[in-house]
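Under our numbering, the first residue of the sequence shown carries the number 1, and numbering increases by one thereafter.
We treat Cβ as the ideally placed atom computed from N, Cα and C, and that holds for glycine.
Structure record follows, encoded as structure tokens.
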Amino acid sequence: MTASLRAPNVIGITGWSGSGKTSLVIRLIPELKTRGFRVATVKHAHHAFDIDTPGKDSYEHRAAGAAEVVVSSAKRWAIMHENRDDGEPTLEELLTRISPADIVLVEGFKNDAHAKIEVHRPSTGAELICPGNESVIAVASDERLTNLSLPVLDLNDTVAIADFIAERCVPAAPAAGAV
1 MTASLRAPNV
11 IGITGWSGSG
21 KTSLVIRLIP
31 ELKTRGFRVA
41 TVKHAHHAFD
51 IDTPGKDSYE
61 HRAAGAAEVV
71 VSSAKRWAIM
81 HENRDDGEPT
91 LEELLTRISP
101 ADIVLVEGFK
111 NDAHAKIEVH
121 RPSTGAELIC
131 PGNESVIAVA
141 SDERLTNLSL
151 PVLDLNDTVA
161 IADFIAERCV
171 PAAPAAGAV
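So, in structure tokens, the structure goes:
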């Protein structure tokens, strides 16, 4: 039996720094979209980051103590939430804050329990994560790997990786009142 992703269909793309996680995510998004999936992403940042610029009004709102600041334009909108003393939110908490999606690609959150595809490039010298992480359900590599009990996907074959993800998706529940 094929393992399903839990709803919403959350699949992690994990690996060590420099393995190509982001490159894979940005190739998977349009491939999954062409198949009719609404795709969202969650990206974990290990370091302090800021998406705002000092001197801008929204930055000043946050600096003055606003818990959240919404910035909106005709093209996009964003919510900036200040964690302050609340600590970093869990992946589960973050998933409750995003709009409905058919598939959520998660980059980072390596130690969380959601299903993951490990990106592994032997040329980097990094060890595989999967032997110590039971939530890894496949490995995508640019070299042939042997002696793994998991499926090994060609890292350069975006279509095959998207197939692997799509085959494990749980169909969306019908809307209330749908016949």
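| Item | Value |
| --- | --- |
| Would DSSP call Leu148 helix, strand or coil? | coil |
| Under 6 Å Cβ to Cβ from Val70, same chain only, skipping five residues before and after it: list those, please. | Ile79 |
| I'd like to know if Ala162 contacts chain C, where contact means its C-beta is closer than 7 Å to some C-beta of that chain. | No chain C appears in the structure shown, which is made up of a single protein chain. |
| Exposed or buried, what is Asn156 when buried is set at 16 or more other beta-carbons lying within 10 Å of its beta-carbon? | exposed |
| Using DSSP with H/G/I as helix, E/B as strand and the rest coil, what is Asp50? | coil |
| Count the other C-beta atoms from every protein chain shown that fall within 10 angstroms of the C-beta of Phe37, then say buried if there are 16 or more, exposed otherwise. | buried |
| Would His24 and Val119 be called neighbours here (beta carbons separated by less than 7 Å)? | The question names His, but residue 24 in the sequence shown is Leu. In contact: Leu24 and Val119 (Cβ atoms closer than 7 Å). |
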